[in-house]
Amino acid sequence: MKKTFITLTIVLGFLLFVPALTFASWGWEPTDNPVPYYYQAWGKWYNNEDFRVFMVQIEESTYKYVFDYNGTFIGGWMTYMPMRLP
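Just so we're aligned: 59 in numbering that gives the first Met the number 0 is position 60 of the sequence shown, and the numbers increase by one with no gaps anywhere.
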């Protein structure tokens, strides 16, 4: 009985944990498509202590490219959700 309860608890916890990871990314998918990066007149640069982030909205998608201050490309992500960039 105790072993069944522990197994059931672990399985239930796993089933609840997996959807939480899915929605934690808010729909951002990795991309290496360089085309949106060429629309710098449409996008906006954001700077913080460690990284420079370029974001651009094209049609119904928003693209985010992250660089370090040496200009090294770290990664790119896109979402199918249009965002208003300040």
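For glycine and all other residues, C-beta sits at the position ideal for the given N, C-alpha and C.
Subject >> Residues near Y78 in its chain [Cβ-Cβ closer than 6 angstroms; skip 5 each side] >> reply: This sequence places Thr at residue 78; Tyr is not what is there. Closer than 6 angstroms at Cβ, skipping near neighbours: G26, W27 and T61.
Subject >> Sequence-distant residues of the same chain with beta carbon closer than 6 angstroms to F53, five excluded per side >> reply: G42, W44 and Y64
Original post:
Do you know offhand how far P29's Cα is from G74's?
Top reply: 7 angstroms
**OP:** Just the C-alpha distance for M80 and Q56, rounded to the nearest angstrom, thanks.
**Re:** 9 angstroms
Original post:
Is T71 helix, strand or coil by DSSP?
Top reply: coil
**OP:** Could you give the DSSP three-state label for Y119: helix, strand or coil?
**Re:** No statement about residue 119 is possible, as the shown extent of the chain runs from 0 to 85 and does not include it.
**OP:** Indicate whether F50 and D67 have their beta-carbon atoms separated by less than 8 angstroms.
**Re:** yes
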